[in-house]
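Engineer: Here it is, the structure, as structure tokens.
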Amino acid sequence: MDQFSAALPADRHSPARLRVGIVGAGRVGAVLGAALAAAGHDVVAAAGLSDASRARAARLLPGTPLLPTDEVVAASDLVVLAVPDDALPGLVAGLAGTGGWRRGQLALHTSGAHGLAVLAPAEEAGVLGLALHPAMTFSGGPEDLPRLLGTPFGVTSRPEHRAVAETVVLEMGGEPFWVAEADRVLYHAALVTGANHLVTLVAEAADLLRTAGVEQPARVLGPLLGAALDNGLRRGDAGLTGPVSRGDVGTVAGHVAALAERAPDAVAGYVAMARRTTERAAAAGRLKPHEAQPLTDLLDGVEVPR
1 MDQFSAALPA
11 DRHSPARLRV
21 GIVGAGRVGA
31 VLGAALAAAG
41 HDVVAAAGLS
51 DASRARAARL
61 LPGTPLLPTD
71 EVVAASDLVV
81 LAVPDDALPG
91 LVAGLAGTGG
101 WRRGQLALHT
111 SGAHGLAVLA
121 PAEEAGVLGL
131 ALHPAMTFSG
141 GPEDLPRLLG
151 TPFGVTSRPE
161 HRAVAETVVL
171 EMGGEPFWVA
181 EADRVLYHAA
191 LVTGANHLVT
201 LVAEAADLLR
211 TAGVEQPARV
221 LGPLLGAALD
231 NGLRRGDAGL
241 TGPVSRGDVG
251 TVAGHVAALA
261 ERAPDAVAGY
271 VAMARRTTER
281 AAAAGRLKPH
291 EAQPLTDLLD
301 GVEVPR
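According to full-length UniProt numbering, the stretch in the sequence shown is residues 1 to 306, in order.
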């Protein structure tokens, strides 16, 4: 039995009570803290600088003191690092440099882009490091905590600590799945493409509809995008519809012309997505080479407004 074996027991229905500290009481950190508290752990402290973080901590972690980061870490058995990706390496290394970590602690970060390497300074101090990324979007609203139930978590850990990682996820109401250290950045890029870029596409489509005189874009887009998402998830490229999938060069050319006149800032995005859609449709056999080439030629010839 190693030094971490007693941290979380094999019986996942009877979790050990851990003192939990939240570093970064933002949209993700406060929600995970609330979930861990609901599982029976004691959230003893949190760190958050912004007014929004303080308000969120007051709502989701009532009675939890807001302390400086080093004091949060010192008070905790399990440290949740829920800070921006670019801030994480300096935070972990800085705490190691000041002796902030102690042997036997657990530290998990919620970054999708990082794996275990970023926790190396903490692990060298005897900390058990875990990378647990909830594959969910958190908006800061009251719906965030219920959304956590059943949320998939991308888990990366040492093989000998995999059971600990999975137990923590299950206690928060999530569903763990494994992501290898070498695949972590690609995994995160995939989620960004599917979720963050989707929001941009939906907002762009709504703006274009408003420009076209549609007063309530959500009423038009809701059923359409719901069906498109279902098609994409169930059928992949076979679920594609629309002018590119039909090889309708004239229609696509008309779109580009209308966008150039009415919404020039949208041209670059439309052309990029139409080009990628053409490539995928051709690779999937939805478009024959003689159908795809005119689309490619058209899109390659578009002068994107600067």
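Every residue gets a Cβ at the ideal spot worked out from N, C-alpha and C, and that includes glycine. In this text, all values refer to a predicted model and were calculated from it rather than measured experimentally.
Assign Ala6 to buried or exposed, taking buried as 16 or more other Cβ atoms, counted over all protein chains shown, within 10 Å of its Cβ.
Structural biologist: Residue confidence for Ala6 is low, a pLDDT of 39 falling below 50, so the modelled location carries little weight; the figure read from the coordinates is stated next. Burial call: exposed.
Engineer: Exposed or buried, which one is Trp178 when buried takes at least 16 other CB atoms within 10 Å?
Structural biologist: Trp178 is exposed by the Cβ-count criterion.
Engineer: Decide yes or no for the touch test of the stretch 221-230 against the stretch 265-272: beta carbon pairs closer than 8 Å, at least 3 of them.
Structural biologist: In short, these stretches do not touch, since the Cβ pair count stays below three.
Engineer: Taking one C-beta from the stretch 50-59 and one from the stretch 74-85 each time, how about it: are there three or more such pairs within less than 8 Å?
Structural biologist: The answer is no - the stretch 74-85 does not touch the stretch 50-59, with fewer than three Cβ pairs under 8 Å.
Engineer: Is the Cβ-Cβ distance between Asp70 and Leu88 less than 9 Å?
Structural biologist: In this structure, Leu88 does not lie closer than 9 Å to Asp70 by Cβ.
Engineer: What is the rounded straight-line gap between the Cα of Ala46 and the Cα of Val28?
Structural biologist: Computed Cα separation, rounded: 13 Å.
Engineer: Mind checking who Pro176 pairs with in its DSSP beta bridge?
Structural biologist: DSSP lists Phe153 as partners of Pro176.
Engineer: Using beta-carbon positions only, say whether Ala135 and Thr156 come within less than 9 Å of one another.
Structural biologist: No.
Engineer: Count the other CB atoms within 10 Å of the CB of residue 307; is the residue buried (16 or more) or exposed (fewer)?
Structural biologist: Lying before the first or after the last residue shown, residue 307 is absent from the chain, which here runs from 1 to 306.
Engineer: Once the 5 residues before and after Leu8 are set aside, which same chain residues still bring their CB inside 7 Å of it?
Structural biologist: Confidence is the limiting factor: at Leu8 the pLDDT is only 43, short of 50, which leaves the residue's position unreliable, though a coordinate-based value still follows. Cβ neighbours of Leu8 beyond the five flanking positions: Pro15, Ala16, Val164, Thr167, Val168.
Engineer: Excluding the 5 residues flanking Ala292 on each side, which residues of the same chain have their C-beta closer than 6 Å to its C-beta?
Structural biologist: The answer, listed in chain order, is Thr278, Ala282.
Engineer: Look at Leu240 and Arg280 and say whether their C-beta atoms are less than 9 Å apart.
Structural biologist: Cβ distance < 9 Å, so Leu240 and Arg280 count as in contact.
Engineer: In chain order, what residues of the same chain have a beta carbon less than 6 Å from the beta carbon of Asp18, not counting five sequence neighbours either side?
Structural biologist: First, the amino acid is wrong: residue 18 is Leu here, not Asp. The answer, listed in chain order, is His41, Asp77, Leu78.
Engineer: Please say whether Ala74 and Arg103 have beta carbons closer to each other than 9 Å?
Structural biologist: Their beta carbons are not under 9 Å apart, which means Arg103 does not touch Ala74 by this criterion.
Engineer: So Ala195 and Thr137 are supposed to be a Cβ contact under 8 Å. How far apart are they, rounded?
Structural biologist: Yes, Ala195 and Thr137 are in contact; Cβ-Cβ is about 6 Å, under 8 Å.
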